[in-house]
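Below: the structure, in structure tokens.
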Amino acid sequence: MWTFTLPTKIQFGAGVSKSCAQVARDYGRRPAVVTGKTLVKTDRVRSIISDLGEVPVFSEVTPNPTVNQVDALARLIREQGCDVVIAIGGGSPIDCAKAASALVLSEESSIAAFFGGGKPLGAEHLPLIAIPTTSGTGSEVTPIAVLDDPANSRKAPLSGPALYPVHALVDPELTLSLSRYTTAATALDALSHALEGYWSKNHQPICDLAAIEAARRIFANFERACTDPGDLQARTELSCAALLAGMAFQLPKNAMVHACSFPLSTRHHLAHGAACAFTLEFAVQFNAPALGERFGDLARACHFSSAEAMAERIHTFKRLGGLPCTLADAGIAPEDLPELVLASFHPLMNNNPREVTKEDLGRMYGGLS
Ligand SMILES: [Fe+2]
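Count along the sequence shown starting at 1, add 1, and that's the number in this note's numbering.
Structure (structure tokens):
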């Protein structure tokens, strides 16, 4: 048995973000804009904001959005009487905006009430328009917000139907100025979503289709986007792939790669995509035998003859993007490994198609020294 749902209206294409003001009027009268400190100074984001008129702008979102930032944004939305939220950015501003859009219609003043095993989020939320500026998280089509709770050294996903954006404007032109590092990290985050959605124990046929197509497009266009940032066609392929990868994992959910990524981000400060990429090639080789013919279908679609060949290509991508490949690159000391292994057993690990033991992770990290 399986269920497929996607309540988000998607508009895709170069220049589509220019219709933001018009789209916002369909959902409310007073928008709030959520973005990042650097993004808010860019011409494209300033242009989107100026089309909206005089609106409150929250640009305090950091790369790992915190519980406190969600609470501050919710206070701003309430004080300003906003009735629609527009998130412009990578996964961080979008995730922060998702959580705040749900929080403002609850009786709580802090998202902490719902985070890390707290009470479930209700279904109510302000309409949220998501405009991704990276091709990575797929957050524009998922009911998931990954939040950081530094006071408790915890980074974890919050999920619920209230977190689906109502509308996504996916404009590849917004990704043209991404650095090589960010292009690589975000594309490998998207590849992780595609592969993990595909091999999750909860995989299902509609998400499988999206996963295979997303992975195929990433393998075919990664190098072009990294080496020629202005290549709009390659950027368009990666934007489409990230969107499809978001659709691929949002219902099956991620598995061992994302479970391992959380302590790599919170304890060792790797960017989310770099943290996913850190273990991705090991996971491909570890999980392939458990997938049988299903792995063959995926590998053939992506033009690989074996799991080893796919893993090798991922390694090449990481080198090209300047992402950490070894423990030393990531600033992880050998004596950190026992705690890192223990902290990797997030519940997402239970979705992995092959059981993962502490010894398996010890072997994986040992191989990266
Ligand atoms: Fe991710």
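Beta carbons: idealized from backbone N, C-alpha and C, even for Gly.
- In the DSSP assignment, A114 falls outside any alpha helix (DSSP H) and carries neither an H nor an E.
- Per DSSP, D150 is one residue of the beta strand (DSSP E) stretching across 145 to 150.
- By the criterion of at least three beta-carbon pairs nearer than 8 Å, the region 167 to 174 is not in contact with the region 218 to 230.
- Listed as beta-bridge partners of K156 by DSSP are D149.
- S193 has its Cβ nearer than 7 Å to a heavy atom of ligand 1.
- Looking at the DSSP output, I87 shares a beta bridge with V34, I130.
- Between the alpha carbons of T228 and S110 lies a distance of about 46 Å.
- One alpha carbon belongs to L233, the other to A114, and they sit about 43 Å apart.
- Taking a contact as a CB-CB distance under 8 Å, the pair L281 and V258 counts as one, their CB atoms being some 5 Å apart.
- In this structure, G90 lies away from V58, with their beta-carbon atoms at least 8 Å apart.
- Cα atoms of A163 and E108: separation of roughly 15 Å, rounded to the nearest angstrom.
- Per DSSP, the beta-bridge partners of V58 are V34.
- Per DSSP, the continuous beta strand (DSSP E) segment holding V171 begins and ends at 168 to 171.
- For N65 against S93, the beta-carbon gap comes to about 7 Å, under 8 Å, which counts as contact.
- In the DSSP assignment, Q12 falls within the unbroken beta strand (DSSP E) covering 10 to 13.
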